[in-house]
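Student:
Residue numbers (this note's numbering): 871 to 1503.
1) Whose C-beta lies closer than 6 Å to the C-beta of residue 1368 among residues of the same chain, with five residues either side of it excluded?
2) If residue 1283 sits next to residue 1312, beta carbons under 8 Å apart, how far is it from one beta carbon to the other, in whole angstroms?
3) Could you tell me the alpha carbon to alpha carbon distance between residue 1370 and residue 1353, rounded to whole angstroms?
4) In this structure, how does DSSP classify residue 1376 when only helix, strand and coil are distinguished?
5) Is DSSP giving residue 1354 helix, strand or coil here?
6) Where residue 1072 and residue 1264 are concerned, what is the direct C-alpha to C-alpha distance, given to the nearest angstrom?
7) Tell me whether residue 1097 sits in a helix, a strand or coil according to DSSP, three-state version.
8) Apply the 10 Å Cβ neighbour rule to residue 903 and answer buried if 16 or more other Cβ atoms are within range, or exposed otherwise.
9) Look at the Cβ atom of residue 1280, then the Cβ atom of residue 1334, and state whether they are nearer than 9 Å.
10) Closest to residue 1255 by CA distance: which of 1122, 1219, 1439 is it?
11) Residue 937: buried (16+ other C-beta within 10 angstroms of its C-beta) or exposed?
12) Can you give the Cα-Cα distance for residue 928 and residue 982, rounded to whole angstroms?
13) Let me make sure I understand the geometry here. Which of 1013, 991, 971 has the alpha-carbon closest to that of residue 949?
14) For the candidate residues 1325, 1086, 1087, 1138, whose alpha-carbon lies nearest to that of residue 1108?
15) Output the distance between the C-alpha atoms of residue 1129 and residue 978, rounded to the nearest integer angstrom.
16) I'd like the list of long-range same chain contacts for residue 1095, defined as Cβ closer than 6 Å, with 5 residues on each side in sequence excluded.
17) Is DSSP giving residue 1500 helix, strand or coil here?
18) Counting C-beta neighbours from all protein chains within 10 Å, is the total for residue 1350 16 or more, i.e. buried, or is it exposed?
19) Could you tell me the alpha carbon to alpha carbon distance between residue 1410 and residue 1404, rounded to whole angstroms?
20) Do residue 1376 and residue 1428 have their CB atoms nearer than 9 Å?
21) Reducing DSSP to helix, strand and coil, say where residue 1187 ends up.
22) According to the neighbour-count rule (16 or more other Cβ atoms, all chains shown, within 10 Å of its Cβ), is residue 980 buried or exposed?
23) Below 7 Å CB to CB, which residues in the same chain sit around residue 1051 once its five sequence neighbours on both sides are set aside?
24) Look at the alpha carbon of residue 956 and the alpha carbon of residue 1209, and state the distance between them as a whole number of angstroms.
25) Along the chain, where does the alpha helix (DSSP H) that runs through residue 954 open and close?
26) Starting from residue 969, trace the beta strand (DSSP E) both ways and give me its first and last residue.
27) When you compare each of 1301, 1230, 1347 to residue 1431 by their alpha carbons, which one comes out closest?
28) Taking the straight line between their C-alpha atoms, what separation do you get for residue 968 and residue 935?
29) Compute the beta-carbon to beta-carbon distance between residue 1373 and residue 1400, rounded to the nearest angstrom, for a pair I have assumed lies under 8 Å.
30) Mapping DSSP to helix, strand and coil, what is residue 1293?
31) Would you kindly check if the distance between the Cβ of residue 1383 and the Cβ of residue 1437 is under 9 Å?
32) What span of residues does the alpha helix (DSSP H) with residue 1035 cover, start to end?
33) Using beta-carbon positions only, say whether residue 1048 and residue 1036 come within less than 9 Å of one another.
34) Taking only three categories from DSSP, how would you classify residue 1152?
35) Is it buried or exposed, residue 1246, if we count other Cβ atoms within 10 angstroms and call 16 or more buried?
36) Going along the chain, which residues of its own chain have a beta-carbon closer than 6 Å to the beta-carbon of residue 1471, five neighbours each way excluded?
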């Protein structure tokens, strides 16, 4: 190998003899090393200026006929792709003009600016092209920036392209983000031309995903069949695509039609067995062979294939626990999922202008709302139940006594209306405070009176704990706010008193978690709001108070709810009982670590009126989205 001759630089003559320098340093100790902190930025600015002025450029990139004069050493120092190109003896090493294939001119313009300045302008128009080029050039940091941007700016028009590119370049996080987005908007995307143009692998990835927002598995099947029918040559892919349909989730009539229709894709033995196995699941057939249900026209078959593992509901089929503000027709998005901070709209109940109603979400998933007062003296006995399938409120049997400022709670499928203010009395010139309690049987849609409370009370709250109705706080005539706790046993049809709370509370809120009652907020009197939280342990019949200084909420609490084993508080900025336009804020409380209320941020603007009540309900987000879309069309 020939010896490498080192090039001589004039500055070599000026290089000091380090041994001599060490001696001088010992003698004088006056040497100083200066560092220019702005050197890097100054150098970068200078190189950028040379690039803009096309000065001292020694290589030109040719992309789609557009020329980009650059500096070979800058490209090589910044981009691994160009470093290999210019230092590995390739033909491009000495070429003045280098054509680049598979990239676009706008993307290269942005990338060159990024190489010289460290900045890039990402937009929906060019970011996919920039990511494609950055991936080719092995620019990891720029690829990460593009992936983050794309995942945050997905649209129904771009998500399929992003998904395909992320899968091709093996960016799993971006791929998963795009697939989640496709799943959420699947009903729209699956009807697009872009979906029909997908490869078989991409379609399989999508229809096999649990994240599809479909109400019925038939919608997934229809999308798969649309894709297969789009091109005749796709018949060969039928098994690969259709085996990902979750057949046990299909209706029996649909399954029977698939078996009996000879002119479809279900001719293969594998698909026939999957359909027959699903029919066995529906018919609860084991080893009894074929069974005809003449009444329904459904045929069940014997099959040895276990399809129960493919019976997991898709995302859109599942209900989710939400915080729901019921009663106000001024709230555009009154359903809120704390987990992902997404909001949805639910229809307001009839007579939503009524003040001081009550609301409860039963363990069956049904939401009940009613009572209240209009025009100060017109007290209502109406009760409505929310129909989640139609987004409408259906009238139920009326309460036996009209009530306002009362409370509803549910125990074992029965709803209890406690206390409150009854009809207006001309003799009293006021609404009478009630001690009566009535019970609503959800199954029979009927009300009956049960044992009355030991005290007349209004503006209280109630919860159910271990089969007992607990009435907490409120206002007692002549005594003002109270800290009393009354407990009703449906089995004994009798009331007893439990240890009182520390604080007297009018209009408090309460929830139950881990067999403990948490009470929050309320008022001591009209102009003094309470920010403390109290916890009741029924095992030892004791209260524990979380003082205000531990709790940063200094405003009124509208609701305290247990959602997915977490406590959430809904609070607004007012400090008196007067209702005004407010901002609602959501807070969470960590029960296990006893970390006091953590602010989650603003929930909704301009929620107003005493008719807006926060409850927990289990609703289907996709149904709510479709209801809202139908209202706008």
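Every residue gets a Cβ at the ideal spot worked out from N, C-alpha and C, and that includes glycine.
Since the structure is predicted, the reported quantities are computational estimates derived from the model, not experimental observations.
Tutor: On the basis of the coordinates in this document:
1) 1355, 1357
2) 5 Å
3) 5 Å
4) strand
5) coil
6) 44 Å
7) helix
8) exposed
9) yes
10) 1219
11) exposed
12) 15 Å
13) 1013
14) 1138
15) 54 Å
16) none
17) helix
18) exposed
19) 15 Å
20) no
21) helix
22) buried
23) 1024, 1029
24) 51 Å
25) 950-957
26) 967-969
27) 1230
28) 11 Å
29) 6 Å
30) strand
31) yes
32) 1029-1039
33) yes
34) helix
35) exposed
36) The predicted model places residue 1471 with a pLDDT of 49, which falls under 50 and marks its position as unreliable; any figure quoted below should be read in that light. Once the five neighbours on either side are set aside, residue 1471 has no close Cβ partner at all.
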